[in-house]
Amino acid sequence: MRGLGVRTGGADGVAVRGAEVMRPNPKGEAPAGTPEDRRLAGRSVWSRIWRERWMYLFIAPGLLFFVLFRYVPLLGNVVAFQDYSPFLGFTNSAWVGLQNFTDLLTDREVLTALENTLVLSFLQIVFAFPAPIALALLLNSLSFDWLKRILQSIVYLPHFIGWVVVVSIWTEVLGGAGLVNQLLAELGQGPVNVMTNPDAFPWLVTAQVIWKEIGWNTIIFFAAISMISPQLYESAAVDGAGPWRRIWHVTLPGISGVIALLMVLRLGTVLTVGFEQIILQQKAVGAEAAQVIDTFVYYRGVVGGDWGLSAAVGLLKGVIGTVLVLGANAALKRFSGQGVF
Amino acid sequence: MATLPAPAPVQPRRRRSNRPAWEGRPSLAVSLVKAVVLLLIAIVMLYPFVYVIGMSFASARAAASGFVLFPTEFSLDAYRTLLSGNAVPQALQVSVGITLAGTALSVVFTVLMAYGLTRTKDVPGARFILYLALLTMLFSAGIIPNFLLIKSLGLIDTYTALILGSTSGFISAFNLVVIRNFFMELPQEVLDAARVDGASEWQVLTKVVLPLSKAVIAVIALFYGVAYWNDFFTAMIYINDTSKWPIQVVLNQYVLTGTPLDALAQGNTTERTVTPKTIKMAIVVLSTLPVLVVYPFLQRYFTKGVLTGAIKG
Amino acid sequence: MPAEPLSRRQIIRLGLGVGVGVTASTVLGACGGDAGDSASSGSRELKLPSFTPPRELPGTTISSFPDVAPAYDAYPRPPFKSVANPPITSGKPVTTFQILFPAPPPPVDRNPYWQEMNKRLGGELRPTLAPYQSYGEKLQTTIASGDMPDIVFVEPGQNAQAVVRTFKEGAFTDLTDILGGDGVKKFPNLAQVPTASWKHAAIEGRLYGVPKPLNQLIADAGFAYRMDWAEKAGMTSKPKNADELVEFLKALSGNGRWALGAMYPRWFLMMYRAPNNWRLGSDGKLVYYVESDELEPAVQFINKLWKAGVFHPDAPTQAWSPQAEDLFLSDKVASVGGNFGSHFGRRGTVGNFRNAHPGVEIGHLMPMGFDGGKPAIFQRQALFGQFCIPAKVGKDSARLEELLRVLDYTGAPFGSEEFLFMTFGIEGRHYTKDPQGNPVAVPQGPVTEEIGINYFNQPSEAVFYFPGVPGDSVAAQKWVEEAAPNWIPDPTWGLISDTNNRKAAALRQLEDDYLLGVATGRRPMSDLKVWRDEWRKGGGEDIRREFQESLERSSG
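Protein chains in written order, with our numbering: chain A, 13 to 353; chain B, 243 to 555; chain C, -12 to 543.
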């Protein structure tokens, strides 16, 4: 079992209880129930279903929700193949087959949007994804609990400030007439152009995202860290491991499950890089640098009413995301023996 | 019933730190660097918030002339404008109700479903259902199909729509998968031992799994709570009765107060009483305050160690 | 978190070229003075409702320019009654879809204004209020639901360009025959709606709704500036051409101050007589301003000003106008653009400025021809949205008439008792009267929130009436009169282009990128040609072709 020192049995996880042999179970799955149930295991599907009836009971309400409130509306994506008008509705809007998709792939803006999206996504995955982990580790290493809790409560504050206010504050500090430039002017230096520089834009956006979300994103890592048994630290310390090695050998493995999960899920949404943050600043740097897929869909799909186009984009994004998620999961299984699903 | 691993022996308290005996003192250099970094981080994170709060209490003149840290002149005008009307207090009630009810329901059903999906090898169809849920994170239906569904279920203008139709999901696939992941990383031996002793899955869940999962459930409750509290879009689309509007929708209508647009509405006959800037900041404070108040109560669940509780891990 | 809206005027500005508005008589549209005379408009199809001039009231200044609204000093005492009987006679409630700008009103059982409204209308009003920021989305879902209310406020420029196509798909009742010519006289208040408003409301020659009229036939064409800074810099007269303007603005800048708080690109396009979005050439071909010869010198001029440091450094990033207004009010910039709400009255930007800076004079500046000649002032459509009746509802002609009677009530003209109610509320509760009889709103508070359901077609912005500052009403009128001889319409108002509906918002982003980019030096001047190509290939050619086709359809 990853991250916990208490194991049963030998290296391959095979244990013997009673007269039965347990199958090796990656991801900690053990056959349930009494020995009698296990004797019945492998019989008909129906008996397995009956045996696990509690599980179905647990799953049922959620499943109902997903089917009714998530999948039924998904049928609305049929408009991807239509020239949909809200007045004409699904039944009376004209069918256009794959035209929305071909329009998409031949549209000049889409390429720009895609390029910008991928750049931003890459930067965010490389910098904004690990940042909360580092911060969580840093805060975790504090000796004083009161300090740790105070800092925890401070770092998540920016998450709650809406993007509008965030951008306006950043402008007041880094903008053309902002505090930084005023300071530079007093020092005799020329102004620095941060907020209207299209080349700096991806870095600006990433920095803003880190600033705003790093604290909030540490929360889940704190929860994971709190589940690590202190005995593991103690035994590592006893074995002579200093703080850095303890992080490497105890903490990180302990939260590796969560990291892997979040990483895989993040890949699924690789084409989503923020909307409000970008639309607020698009005017400053120009659409060529700032247009991303979601803003493109907003202008064409929502304001312009091209619902077919936005559904087409949604479907494509979903397909790409699914491929990435399943692929990442498979890769993880191959390299570390366990996937997240 | 198998016992939990014995807690580590309690260390005699030394100084004020919670550092256990086996941990050596950090070097001065390291402590210094840590202190500087953390101080910088704290300032950078805290300053904008302090500015926002300060601006919300600024008078019109102080807002116009600008300030760096604290306003030169204080005034409660912004808050008075927001809170003296009928709309905001009413909307606060709605938001609190929806958030509490929604969070409770969402957590319950998410936990249930997550646990039900932990043994996809033993439960036929579970893997399929898991992927089904996962896909909902990747594909979305769009405004109009969701609207038509809610309408056809007769849920327009109901509080139910605010919960079941919530933007991030009554059951969010992300939260579902996270909880499931945490459940699966619990020591399986403990669960198996319970099963061997004849516990039903329900008992395993409630008596073994949940007590060990307080951290992740607290986190998920926080995520859901914040999501319900911040949800603007759902109410805007599904609720026509303005008395049922939650706080975010209502507060947003005050953003134009004091702008020339607002002047037209007031017939341009009287003088302006509040500055848009202070109103915007007061809106941020009001919409954030409840979360800030609730957070510390949940925080203790995921800062302390779970398996032993007393000693920092 | 609440997201920032675009001010309504900003929305209109964004909607340039994208709006659905005017006239079929575009062929004659070059000089805007042909209103008021519906029969002679070039189209054979569109028979505009005839115009009944407003009642004569004391203290009125009627403009000599057609299409320029009257200015009123004072509210008539006593106000006259314009509607004899309550409009609703069937006993059925009237449902509406309206936009909401202020705080949400309390429900009817706790709302005296609403109750009074029901009494006056003779029936129950059941509004659905769409928060202004999400108006477009909510309107589209309402249309998609198949279940539209009886009266629907439609303003494509408010992020709802998508609904333009529904007009031609038959979503709303065609009112042209009912209201055209003398048909409108059945509804005496609607007959007083200025002809320009009807003209600009028509779509491909047909009328689908009752407009909310606006007097602002110009927008972003006037600057208010502080004369104290101007005088201190020795600028005692207004600049008359481009060079003088440069000196003037430079004089207002420097030492941590700037002359202009936003980029105001259209202002400069007007100086160089660029098209108002589109120009209809004498050969009958439409030319977009990006393709025009006037674009380059105009942008070069902006660039010259940028290099001279007259713009506030954050000007290119202003997402919406209140930021520029803030700069003006905090003494960082010398001027402020905007519209009548900003410049006149006690509560607009200039009004706020005066309160904070007593004794400082405010000057007004209009675009001038760059060479000292005439500018081309961009006209705006004379309406903000129209109130439409869904086709399903309009099939019942008795109900249709009833609904038009409701709009007749809500559109009661200035000077009437109904107008006071629609615009200001209940006397004694929401407003009081000053010694001259003008309404003065009570301080903002829970009581004033009750009025939120009142956004109808009342002509509150169709006249010049700023009683709080004596002389402002006539000053505002004069401002428009100054522009009137030189104003030009957008020939594509009232025309439909499918590609334009879909792509206009997206193509608008190109403008921000290229025009502001070249002006601020982020892009080289040669990029203007790139913009032209991008626009053409990105849909511009299709848009032109579709507008031409629509033009042909409209002029019969």
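All residues carry an ideal CB built from backbone N, CA and C; glycine is no exception.
DSSP beta-bridge partners of residue i
| i | result |
| --- | --- |
| F451/C | A58/C |
| R193/C | I190/C |
| A428/C | Y418/C |
| Y83/A | Note: Y83/A sits in no beta bridge, so no partner. |
| A106/A | D95/A |
| H351/C | A211/C |
| A117/C | I86/C |
| F374/C | F140/C, V197/C |
| F365/C | I475/C |
| T381/B | Here residue 381/B turns out to be Phe, not Thr, going by the sequence shown. Note: F381/B sits in no beta bridge, so no partner. |
| P36/C | G168/C |
| I305/A | In DSSP, I305/A forms no bridge with anything. |
| I271/A | Answer by DSSP bridge pairing: none, since I271/A is not bridged. |
Straight-line gap, residue i to residue j (C-alpha atoms, nearest Å)
| i | j | result |
| --- | --- | --- |
| A295/C | L204/C | 32 Å |
| Q243/A | G440/B | 30 Å |
| K295/A | L503/C | 8 Å |
| A217/C | V536/B | 55 Å |
| T397/C | L395/B | 35 Å |
| T82/C | A92/A | 33 Å |
| E103/C | D383/C | 27 Å |
| L354/B | F353/A | 17 Å |
| V262/A | M239/A | 12 Å |
| I376/C | L194/C | 11 Å |
| V192/A | N242/C | 17 Å |
| P387/B | D95/A | 15 Å |
| R278/A | T476/B | 24 Å |
| T409/B | N209/A | 34 Å |
| Q541/B | G344/B | 20 Å |
| G252/A | P262/B | 15 Å |
| P36/A | K363/B | Its pLDDT being 38, under 50, P36/A is placed unreliably in this model, and the coordinates cannot settle the point. |
| V90/A | A323/A | 8 Å |
| L145/C | W107/A | According to the sequence shown, residue 145/C is Gln rather than Leu. Looking at the two C-alpha atoms, the distance is approximately 28 Å. |
| W260/A | M250/C | 54 Å |
| Q490/B | T530/B | 10 Å |
Cβ separation of residue i and residue j, assumed to be a contact under 8 Å, to the nearest whole Å
| i | j | result |
| --- | --- | --- |
| V131/A | P214/A | 5 Å |
| G196/C | F374/C | 5 Å |
| L169/A | G227/A | 7 Å |
| L9/A | G280/A | Here chain A covers residues 13 to 353 and nothing more, so residue 9/A does not appear. |
| M287/B | I166/A | 5 Å |
| T435/C | V427/C | So it is not a contact: roughly 12 Å between Cβ atoms. |
Which whole runs of the beta strand (DSSP E) in the region 221 to 308 of chain C are 3 residues long or more, in chain order? 265 to 267, 273 to 275
Check distances from the C-beta atoms of the region 136 to 169 of chain A to those of chain B and list, in chain order, the residues that come in under 9 Å. L147, L150, L151, N152, S153, L154, S155, F156, D157, W158, L159, K160, R161, I162, L163, Q164, S165, I166, V167, Y168, L169
Taking a Cβ distance cut-off of 8 Å, strictly less, list which residues of the region 85 to 98 of chain C are near chain B, in chain order. L87, F88, P89, A90, P91, P92, P93, P94, R97
Short of 8 Å Cβ to Cβ, which residues in the region 188 to 216 of chain C face chain B? none
Please name the residues in the region 309 to 325 of chain A whose beta-carbon is closer than 7 Å to at least one beta-carbon of chain C, in chain order. Y311, R312, V314, V315, G316, G317, D318
Of the residues that make up the region 97 to 124 of chain A, which ones have a beta carbon closer than 7 Å to any beta carbon in chain C? S97, P98, F99, L100, G101, R120, E121
For the region 276 to 307 of chain B, enumerate the residues whose C-beta is nearer than 7 Å to any C-beta of chain C, in chain order. A306, S307
Could I get the ranges of all uninterrupted alpha helix (DSSP H) runs contained in the region 447 to 533 of chain B, with 4 residues as the minimum, in chain order? 456 to 472, 475 to 480, 489 to 494, 502 to 507
Curious, which full-length beta strand (DSSP E) runs of at least 3 residues does the region 38 to 99 of chain C contain? 81 to 87
Against chain C: residues of the region 478 to 497 of chain B by CB proximity under 8 Å: M478, I479, N482, D483, T484, S485, W487, Q490, V491, V492, L493, N494, Q495, Y496, V497
Residues of the region 225 to 258 of chain C in Cβ contact with chain A at a cutoff of 7 Å, in chain order, please. none
Which runs of the alpha helix (DSSP H) fall wholly inside the region 362 to 435 of chain B and span at least 4 residues, in chain order? 368 to 380, 385 to 394, 401 to 406, 415 to 426
Contact list for the region 318 to 343 of chain B against chain A, Cβ threshold 8 Å: none
Unbroken stretches of the alpha helix (DSSP H), 4 residues or longer, contained in the region 267 to 334 of chain B: 270 to 298, 302 to 307, 319 to 326
What residues from the region 331 to 365 of chain C come within 8 Å of chain A, judged by C-beta to C-beta, listed N to C? none
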